[in-house]
Amino acid sequence: MTERLKHAGLPVAEAVKSLDGSICVPQGELYFYVTKRLDGQPLRCDTLLQAPSLAETIGENIARLHLALKTFDETQYAPSDLAKEVENACPTVCAKIASTKMPNDFAAKFAKLYAALPRQVIHRDLSPGNMLFDGRQFKGFIDFEMAQTGTRLFDICYCATAILSECFSAPNVREIWPEILKYLLCGYARITPLNEDEMQAVPMMLLAIQTICVHHFSRFDKYETLAKTNIEMLRYLLQGMHGRCALE
């Protein structure tokens, strides 16, 4: 994947071939590979809070990545069934946020919206740690191990919630994050517009991603702190989006 993206002009870490010319080296059930180091450092939370408009650059580069990934054969990557994940997670998650109203039919509404979204190969793990910057200059994407066939809106919204998670303890993040989300979407749309179904699904996708995150982290004692943070994030999103768009 990274070789093709590199040839398409995308800033990604180039794989180093082994002595026999292969990219991956098997060891038992695992595969290992080495890449050349990209310039830059993982995106810092405080950088975004000081310059929310930097999210526009992130959105533009995610869009360019998606345009390149759209040429990949979807059948070669594991398909995502996010609607099923949300359906399975909702009973547990709703119990954990009982004090904050979650629509009883959220899973069904999300499944209907999700079915209409365009599919293609996506990165699946666009957290701030997987985007490299030198100051405010974008340098590249790393870690494509979780690439799958899904909806491109997932990558955009996952990036937004990952930024929120990284910055959630900052005192002003709850006021600034909506602005970051706006810049992210605007930057993406500047390169390749989202269709009407995708724009309609943004609030629901944010909640869906946060729902499966709460469900995942709540299953393990070692992630207790992360689970609490993600529960508070879900409450924040629900309170901020109550009555909007598809939640009406």
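Numbering (my numbering), first residue to last: 23 to 270.
Glycine residues also receive a C-beta, built at the ideal position from the N, C-alpha and C atoms.
Enclosing alpha helix (DSSP H) for residue i [first to last residue]
i, result
"residue 72", "67-72"
"residue 209", "195-213"
"residue 279", "Residue coverage of the chain in this structure runs from 23 to 270, which leaves residue 279 outside it and unanswerable."
"residue 34", "Run containing residue 34: none; DSSP gives neither H nor E here."
"residue 239", "218-239"
Closest residue to residue i among the options (Cα-Cα distance)
i, options, result
"residue 225", "76, 171, 209 and 176", "176"
"residue 9", "105, 91 and 106", "Since the displayed the chain opens at 23 and closes at 270, residue 9 lies outside it and no answer follows."
"residue 73", "251, 159 and 53", "159"
"residue 157", "65, 252 and 59", "65"
"residue 40", "201, 34, 57 and 169", "57"
"residue 187", "141, 239, 37 and 120", "239"
Assigned exposure category for residue i - 16 Cβ within 10 Å defines buried
i, result
"residue 136", "buried"
"residue 29", "exposed"
"residue 230", "buried"
"residue 124", "buried"
"residue 242", "exposed"
"residue 260", "buried"
For residue i, the first and last residue of its enclosing beta strand (DSSP E)
i, result
"residue 153", "153-156"
"residue 144", "141-144"
"residue 52", "52-54"
Residue i versus residue j - alpha carbon distance
i, j, result
"residue 212", "residue 49", "44 Å"
"residue 185", "residue 192", "11 Å"
"residue 161", "residue 126", "43 Å"
"residue 83", "residue 77", "10 Å"
"residue 234", "residue 117", "14 Å"
"residue 210", "residue 216", "8 Å"
"residue 228", "residue 132", "11 Å"
"residue 262", "residue 203", "13 Å"
Residue i: CB within 8 Å of a non-hydrogen atom of the ligand SAM
i, result
"residue 149", "Ligands in the displayed structure: none, and consequently the ligand SAM is not present."
Start-end ranges of the alpha helix (DSSP H) lying completely within the stretch 87-139, minimum 4 residues: 104-118 and 128-137
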